Amino acid sequence: MAGVVKVVRTWHQVREAVTTALAQPTEDPFVRPLLVAPSTAHSRALLQSLARRHGIAAGIQSTTPHGLRTHLEEQLLGIGRDEDPWRPGPLALRIARIIETDSPGFEIVSAHVDASLRQGIPRASWTTARQAAEALTALARDSHEVLRTWAQGHGPGRDDGHDVDLAGAPLDPARSWWAPLWRALLADSCSVADPVTRHEMLVNALRGQETSSGAPIVWFSSTALPHHDVELAEALAASRTITIVHLDHAIGHDDPWRTFDRLRTTTTTRWTASLLPATSEAPGAPGDELAPVEIHNCHGPDRQAEVIRDIVCAVLADDETVQPRDVVIVCSGRQDTAHLLSASTMADVSHPANQIRFTTPPPQDRVNPVTEAVTTVLGLASSRATGQDLLNLCAMPAVRARFGFSDDDQETIERLVSQADIRWGIDPAAREVAGLGRIRQSTWLAGIERMVLAIAMSSAPPTHLGTVTPITDVGSTTIPVVGKLAELVSRLRKAFLDTEAPAPITTWLTRISDIVDNLTAAPSDAPRSVLDTLSLLTGLDVAAENRLFDRQEIIDLLIWLSRTHHGRHTWFDGSLHVCRPGDLSPIDHQVVIVVDPDQDVIRTDQLQGLRDDCLDPTARARQDLLDVALSARSRLIVVRQARNAVTNLAVLPGPFTTTLTQSLEMRSVTARSVDHGLQPFSPDEFCDGNGVWWRGFDHTAAHAARCQPGSQRRRERVVLPPVTELPESRMSPTDLTLALSHPARTLLRARAGAPANERNTELPVDLPLAPTSLDKYWIRSRILADLEHGSNPEDAINAERLRGSTPPGRLGQRIVSSLADDAMRISQTAKELRGGHDERFIEINLDLIDGDNPPLTWPDGLIVDPMHVVSLRGRVGVRNNQIVHAVATRANARPILDLWVDLLAVAIATDEVGWFGTLVSSDGVRRMVAPDPEHARGVLAGLARLAWWSNQQFIPLPVKLAHALVGLSPMARNDYRTGASALQVQWSRERDPNWAAFLGTDVTELITRCHELGTTLEELSGWLFDPIIRASQGTGFSPPSMARFAHPGSMA
């Protein structure tokens, strides 16, 4: 048979040569031609070209050069991949065994390992073995010449016994032990030949085959390839037809791109010097292959992603024949831009780029989801294991699939973990390392026990079983989630016990299998993840022999081996591809967008000098960028970082941009340049000052960019449109109190579904050694609530200690005792005021219509059905003829309003006079008398009307400020440092994110809003609290005066 090498100049010529060779009929119709290409993407692109020409591309096998070699070794030499001891995993284990046995010739390695151990670096021998295995595997793939020289004992022509590199120079000390290591591996008893010997055996076997013994091969050559791949092609030509197609751009010596085109030129020389006859296409005229160029100067990766969205839309809008599949986005170096691009298209639904399907490649460090879960489980055994770690574990795809956790369950788990006060540590045994084994509070186990106990026991009055106290709010829908969490933690603790002792690989195979079965399941988008995880350690027992591995070594081994198992990626499916430079080069596209080509991450080549220069990663990265630039048929767009996103300082052009500019100047071509601002709405975004206009597709940003500073006044107030659906008109006394105590939060909850100040989702990770003032309030409040429910003081204190909210041991005894004394004093006072009368409940069933309405004037139609009937439903507990409330705080606005609403509701429901209300707080006792039923109905109806309105529009009534304004609590003092008045300081204290949604920091905005509604802050505050003042026993009423605040925004 025969072979031929065809050297072509463009991707179009590559397609023509490959499709012509594949379309040739074979003598045997059952023989399938074989296409060898650098990657699956190249094979798919070439086969699609064949299908477009002939209507179909069927019966053709495709593989990579490495896949071809593996197939031939298995077919001719009987070497299966799974049984190969020269794979990275088995090779690392063999090297580790050699290092750990202190074999002669490895003194420098032993010294390095000993020094690492003295510095506290664990498992230094295994890390060193893994790095050496990666280096030797790379040499076996790229440089057989060096390994062959090392196997002979020293370099040719040298009598000093020193091992040498590819150039014949002695190895540097850091790598000098690799040569004796290779000889030690060759001397190790192994039933499979090493890669160098195996290659020679494979070449001899191919040359000894009969003619026409295999399928015809069409080989699209890689950018760079080692000598032994050329030898393999020569050997294949002895028994079958083989066509080598190689792309060489034929860049001239005086062309600036010459420094980027080293690899393809070297590979051309290597193919033409082989035993295969070569043909070459005539090179085109210089510059014919370079498409029109656009350069977009941006800031950081996030801004580049926003610019790319507009560029893609502009490309599709300018040429209707261009489809998304004709555009490719090539992200150099960092993958931030690719992920930001996907996120931005999903976030902004109004942008037209959201309608385009972007396909991003999986991250290079992507881990199998089951492998990730297994390594996480093993790592938790020796970690701090915080509450956030438990949430992260439950959110892992493999764990979610095993236990059936839904998105709603994740929110429930977060709430349960927070209520159970899980902080760190799986169980007390896990804290033994830190010397805290006797403290079991706030561990995972203690938290789960509190959740489970809450299912069987009530939390009011406080109950505890041994050292466990239940949490609150575990309803029937939460019980399944608690059961799943309990099962998860139980199986997790068993996994820790099973994997505690070091063991050989065979034992770890069983352990990993148990963890996979008990704690994980394959997610729907990764159905093979379980099998792939179990196969990682398969076949390593022979190489490891009887070596014992601990948890961390197994974690490192699983993570390291899983990096070579990447999922398949679908190419050319009609979507717009986002890829790395080497993924699709030199496949041409109509439009090529290169992102940040000067920021490519080039790492130091630890094999420098040991393999051919044409295999150097830096040279490969440059060649890929040149291939990308020449693959654009109609437009090449470069998006580069021209300014620092933080300092706005200029960033100098890198090698690619500089070379591109020089190449254009040599060809007398001018690139279009567009300067983008820091933000999409920057004033210079749509015109760079030189008349170069850029059309963006973010209409909101475009409108903002055309606005000059100060051309439009900021809206002074937020006016919501009328509601389209009436809010709920039925409420309980507690709901009414909540609406009155914070109108802004009430409105956001009714109109937006949630208040602005969502709770903090960060879980505490430390034991509460120094409780804050807020922590102390909650402790005192819970103890008081327990006492009010009938618990004795000792049980209330024990229940609080068992919750884990206080410092452990004696550290928290004094704090809890002090807070408990305060709570008992309040509770005792309330008990004395109740006079030993039994509690009875008054049913509240009121329909409130007319009454003492708030002094607010609404524009027509802004409030829908303003006089709608409000139904008040609920129960109020009374003792004899009074209502006694006990709170752990001062008598501020919220508890006063709570007592006032209950008192009015009871007076109306019973239609009786003589009802009293008493509030016992940390600052004393406050009493009030209910008005007569008719007057009480008018006051309560007015309060209900305010609550009804606050569900539709904003009510400018901050109750804490109003409470101080009428004299029921102390007003803040003037701030002489800032010049702020007392009213301004008081407003600053109360203004939270809910108020910030409607009002600014200046208190005059609040006063102005009151004026817009036909009232004043004084009048509105008096309307709310004057009836309470008149009802207070022994308290005269004196109307407050705003004269003290003549200048409300600053000191008088």
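Here the sequence shown stands for residues 1 to 1052, numbered as in UniProt numbering. Glycine included, C-beta positions come from ideal geometry on N, C-alpha and C. A quick note: this is a predicted structure, and the numbers were derived from the prediction, not measured.
Proximity to residue i [Cα-Cα], best of the options
i, options, result
"residue 442", "386, 1019 and 637", "386"
"residue 975", "944, 968, 969 and 984", "984"
"residue 65", "48, 167, 34 and 86", "34"
"residue 451", "439, 469 and 359", "469"
"residue 956", "999, 100 and 928", "999"
"residue 173", "242, 638, 106 and 801", "106"
"residue 225", "238, 663, 266 and 185", "266"
"residue 584", "39, 500 and 183", "39"
"residue 384", "426, 768, 414 and 351", "426"
"residue 903", "302, 939 and 892", "939"
"residue 243", "1017, 682, 794 and 4", "4"
"residue 675", "184, 639, 663 and 659", "639"
Local conformation of residue i per DSSP, three classes
i, result
"residue 847", "strand"
"residue 133", "helix"
"residue 204", "helix"
"residue 78", "coil"
"residue 271", "helix"
"residue 396", "coil"
"residue 877", "strand"
"residue 916", "strand"
"residue 837", "coil"
"residue 318", "helix"
"residue 1041", "Low confidence applies here, because residue 1041 scores a pLDDT of 31, under 50, leaving its location unreliable; read the following figure in that light. Here residue 1041 sits in coil by DSSP."
"residue 1000", "coil"
"residue 68", "helix"
"residue 210", "coil"
"residue 641", "strand"
"residue 257", "helix"
"residue 89", "helix"
"residue 331", "strand"
"residue 882", "strand"
"residue 2", "coil"
Integer Cβ distance of residue i from residue j, believed to fall under 8 Å
i, j, result
"residue 727", "residue 951", "4 Å"
"residue 606", "residue 135", "6 Å"
"residue 36", "residue 219", "4 Å"
"residue 421", "residue 804", "4 Å"
"residue 88", "residue 133", "5 Å"
Cβ neighbour criterion (16 or more within 10 Å) applied to residue i
i, result
"residue 623", "buried"
"residue 799", "buried"
"residue 6", "buried"
"residue 740", "buried"
"residue 911", "exposed"
"residue 517", "exposed"
"residue 901", "buried"
"residue 867", "exposed"
"residue 288", "Low per-residue confidence applies at residue 288: pLDDT is 49, beneath 50, and the placement is therefore not dependable, though the value from the model is reported in the following sentence. Exposed: under 16 other Cβ atoms inside 10 Å."
"residue 435", "exposed"
"residue 643", "buried"
"residue 22", "buried"
"residue 58", "exposed"
"residue 817", "exposed"
Chain B contact for residue i (CB, 8 Å cutoff)
i, result
"residue 377", "This model lacks chain B altogether, as it is built from one protein chain only."
Near the ligand SAH: residue i beta-carbon under 7 Å from a heavy atom
i, result
"residue 943", "As far as ligands go, the structure on display features none, and thus does not contain the ligand SAH."
Legend entry - Meets three-Cβ-pair contact criterion under 8 Å: the stretch 487-504 and the stretch 385-403: Short answer: they touch.
Legend entry - the stretch 504-519 in contact with the stretch 541-555 per 3-pair CB rule at 8 Å: Taking a cut-off of 8 Å for Cβ pairs, the stretch 504-519 and the stretch 541-555 touch, as three or more such pairs fall below it.
Inset, instruction - Could you tell me whether the stretch 821-836 touches the stretch 854-869, where touching means 3 or more Cβ pairs closer than 8 Å? - result: Segment contact: the stretch 821-836 against the stretch 854-869, fewer than three CB-CB distances shorter than 8 Å; contact not assigned.
Inset, instruction - Check whether the stretch 65-83 touches the stretch 587-601, taking contact to mean three or more Cβ pairs, one atom from each stretch, closer than 8 Å. - result: Contact between the stretch 65-83 and the stretch 587-601 is absent: fewer than three C-beta pairs spanning the two stretches fall below 8 Å.
Legend entry - contact_flag[the stretch 215-234, the stretch 628-637] where n(CB pairs < 8 Å) is 3 or more: The stretch 215-234 vs the stretch 628-637: no contact.
Legend entry - Three-pair Cβ contact test at 8 Å for the stretch 802-810 versus the stretch 842-854: Cβ pair count under 8 Å is below three, so no.
Inset, instruction - Answer yes if the stretch 914-922 comes into contact with the stretch 883-890, meaning at least three C-beta pairs across the two stretches below 8 Å, and no otherwise. - result: Flag = yes, the stretch 883-890 and the stretch 914-922 touch.
Inset, instruction - Report yes or no: do three or more beta-carbon pairs, one from the stretch 994-1008 and one from the stretch 771-783, lie closer than 8 Å? - result: Result no; under three Cβ-Cβ pairs closer than 8 Å.
Inset, instruction - Indicate whether the contact test is met: 3 or more Cβ pairs, each with one atom in the stretch 43-50 and one in the stretch 69-77, closer than 8 Å. - result: The answer is no - the stretch 69-77 does not touch the stretch 43-50, with fewer than three Cβ pairs under 8 Å.
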